[in-house]
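The block underneath contains the structure these notes are about, expressed in structure tokens.
Number of protein chains: 2
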Amino acid sequence: MLELYVALMHYPVVNKNGDIIASAVTNLDLHDIARAAKTYGVKAFYVVTPLKDQQELVMKLLSHWTTGAGTNCNKVRGEALELAKISENLDEVITEITKQTGRAPKTVVTSAKKNMRNISFNSLRQNLKEGNPYLLLFGTAWGFSEQFISDADYVLSPIMADSDYNHLSVRSAVSVVLDRLKGDYRGSYAND
Amino acid sequence: MLELYVALMHYPVVNKNGDIIASAVTNLDLHDIARAAKTYGVKAFYVVTPLKDQQELVMKLLSHWTTGAGTNCNKVRGEALELAKISENLDEVITEITKQTGRAPKTVVTSAKKNMRNISFNSLRQNLKEGNPYLLLFGTAWGFSEQFISDADYVLSPIMADSDYNHLSVRSAVSVVLDRLKGDYRGSYAND
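First to last, the protein sequences are chains G and R.
With the first letter of the first sequence counted as 1, position 158 gets the number 158 in our numbering; the numbers rise by one all the way through.
With the first letter of the second sequence counted as 1, position 68 gets the number 260 in our numbering; the numbers rise by one all the way through.
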């Protein structure tokens with residue numbers, strides 16, 4: 001039983017100039033990340049923002065698809081968005097997961113930059129098989145501050161590819177990270 | 193030298209009822225897919241639509257970021273969107289790639305459904321190393337018609353994951369497919 005959780009953090013993240021800000025929620029982040037989370041068997045997807053008006057906006061969006069008019073229009077969208085929960089901050093997310101699983105999750109921060117403490121995708125994939133809860137943290141805007149990164153239990157390796165350009169959207173990054181950690185390679189490429 | 197091309201098809205695709213339609217272009221598709229294409233060393237990203245007003249809209253969006261005001265705001269965004277080209281239909285895309293490379297590209301259709309003709313990610317990854325041009329075709333709306341799929345040279349395996357739910361956004365699907373075909377696993381998970 002894999003216990004993987006995802007949090008999309010809108011605070012504390014940095015802007016283009018490196019200042020710590022609270023970013024605005026993007027509608028398509030919720031849809032794309034919920035769909036990827038559902039596809040890859042993630043237990044819950046936390047949308048984290050301290051801003052009350054943003055929390056209310058997210059609540060409206062989610063209820064449209066999970067209990068409102070959207071359920072008639074596209075049922076599978078609601079099934080994905082049911083995984084999404086609103087949270088005030090990281091501590092609240094950790095507390096909730098701890099309540100549900102009986103164990104505090106290990107936090108795994110993601111970043112496009114290399115870090116001395118990087119854990120490889122393969123190591124984390126192996127760790128997940130032991131059944132302990134892990135919480136993947138994704139940053140919006142220009143990503144996390146150095147302090148936030150150093151506070152996490154693990155720092156996941158950046159996604160390396162066939163170029164010097166490394167500017168995936170957070171929607172793409174979540175999808176690729178989940179595929180590397182939980183994609184089914186049997187019959188697709190690993191053993192073929 | 194890998195010669196990989198991506199086309200995002202807005203026609204011919206099907207709607208919820210299976211009727212063949214021309215879908216509308218989504219702004220964030222252009223951004224996310226261009227960024228993924230640039231990250232994974234794709235040669236060009238074709239936005240394919242027969243609708244003139246949609247072609248004009250795409251042209252406006254692209255020029256904002258590649259030559260207009262957007263270049264001052266976010267330079268790396270323009271670097272990615274420079275890969276994007278507008279095209280009328282699949283034949284036009286194939287003709288252009290053939291002109292550029294001197295060889296007609298093999299077309300590889302992607303689909304969330306299994307198909308008798310599925311080629312695995314690993315096989316295609318190996319094929320790419322031979323240096324011939326391949327054109328990955330991604331459908332918008334509810335995906336491609338059976339006829340369109342059967343006309344392609346190859347049909348790529350669906351992305352299998354840890355669930356029965358298989359409804360990734362096209363933005364997520366492009367990112368995961370490119371990562372499986374061109375992601376750098378050395379130091380990340382394959383040999384670790």
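C-beta: ideal position from N, C-alpha, C; glycine also.
Every value quoted in this text rests on a predicted model; they were computed, and no experiment measured them.
Proximal residues, the stretch 269–302 of chain R versus chain G, C-beta separation under 9 Å:
R269, E271 and A272
Around the C-beta of E338/R, are 16 or more other C-beta atoms found within 10 angstroms, so that it is buried, or is it exposed?
exposed
If you drop the 5 nearest sequence neighbours on each side, which residues of the same chain put their C-beta closer than 8 Å to that of S111/G? G139, G143, F144, I149, V155, L156 and P158
>> Within 8 Å, do at least three Cβ pairs link the stretch 117–131 of chain G to the stretch 92–100 of chain G?
In response: no
Q | Ordered list of alpha helix (DSSP H) runs contained in the stretch 320–357 of chain R, each at least 4 residues | A | 338–343
**Neighbour-count burial assignment, V76/G, 16 or more Cβ in a 10 Å radius** = exposed
So what's T107/G in DSSP terms, helix, strand or just coil? strand
- Item | Expected contact under 8 Å - CB spacing of I212/R and V239/R to nearest Å | I212/R to V239/R, Cβ: 19 Å. No contact.
What span of residues does the alpha helix (DSSP H) with K52/G cover, start to end?
K52 to T66
Check: If you drop the 5 nearest sequence neighbours on each side, which residues of the same chain put their C-beta closer than 6 Å to that of R227/R?
Finding: A272
Mind checking who A84/G pairs with in its DSSP beta bridge? F45/G
Item to check | Euclidean distance between Cα positions of N264/R and H256/R | outcome: 10 Å
| Same chain only: Cβ atoms within 7 Å of A276/R, ignoring 5 sequence neighbours per side | L222, A226, F237, V239 and L254
Checklist entry - Over what stretch of residues does the alpha helix (DSSP H) that includes L370/R continue unbroken? => result V362 to K374
Practice prompt. Measure how close the beta-carbons of N89/G and K106/G come, nearest whole angstrom, since I'm counting them as under 8 Å.
Written response: Actually they are not in contact, since the Cβ atoms of N89/G and K106/G sit about 18 Å apart, beyond 8 Å.
Self-check item: Rounded straight-line distance, which links the Cα of V206/R to that of L28/G
Solution: 22 Å
Rounding to the nearest angstrom, what Cα-Cα distance links V234/R and L196/R in this structure? 5 Å
(Q) Taking the alpha-carbon of V6/G as reference, which of S169/G, T101/G and L137/G has the nearest alpha-carbon? (A) L137/G
Do D32/G and R363/R have their C-beta atoms closer together than 9 Å?
-> yes
### Message
Counting only beta-carbon separations shorter than 9 Å, does K182/G have a partner in chain R?
### Response
yes
Compare the C-beta of S367/R with all C-beta atoms of chain G and state if any pair is closer than 9 Å. yes
With V93/G as the anchor, note down where its alpha helix (DSSP H) starts and where it stops. L90 to T101
- chain R residues whose Cβ lies nearer than 8 Å to that of K38/G: S355, Y357 and H359
Could you compute how far the alpha carbon of Y195/G sits from the alpha carbon of S355/R? With chain G covering 1 to 192 only, the question about residue 195/G has no answer from this structure.
Taking G18/G as the reference, which of A141/G, M59/G and V177/G has the closest Cα?
A141/G
- Length of the line joining the Cα atoms of S23/G and K38/G: 24 Å
Requested in this report: Residues of the stretch 325–340 of chain R with a CB closer than 9 Å to any CB of chain G: list them in chain order, please.
Outcome: none
Taking the beta carbon of R186/G as the centre, do at least 16 other beta carbons fall within 10 Å, making it buried, or is it exposed? Per-residue confidence for R186/G stands at a pLDDT of 47, beneath the threshold of 50, marking its modelled position as unreliable; the derived number appears in the next sentence. By the 10 Å Cβ count, R186/G comes out exposed.
### Query
Quick one, which residues of the stretch 114–134 of chain G are near chain R if we go by CB-CB under 7 Å, in chain order?
S120, F121, N122, S123 and R125
Just to confirm, is the Cβ distance from A161/G to K374/R under 9 Å? yes
Counting only beta-carbon separations shorter than 9 Å, does H388/R have a partner in chain G? Coverage of chain R is limited to positions 193 through 384, which leaves residue 388/R absent and any answer about it impossible.
task: Determine the closest residue to M9/G out of Q100/G, V108/G and Q126/G, with distance taken between C-alpha atoms.
output: V108/G
Quiz item: If the cut is a Cβ gap below 7 Å, which residues of chain R does S23/G touch?
Solution: Ordered by position in chain R, no residue passes the 7 Å Cβ test against S23/G, which lies about 15 Å from the chain.
### Query
Between R125/G and E248/R, what straight-line distance do the alpha-carbon atoms span, to the nearest angstrom?
45 Å
_Within 10 Å of its beta-carbon, does T241/R have 16 or more other beta-carbons around it, so buried, or fewer, so exposed?_
buried
Next on the checklist: As a quick exercise: from T98/G, D153/G, G78/G and L135/G, pick the residue whose alpha carbon is nearest that of V177/G.
Outcome noted: L135/G
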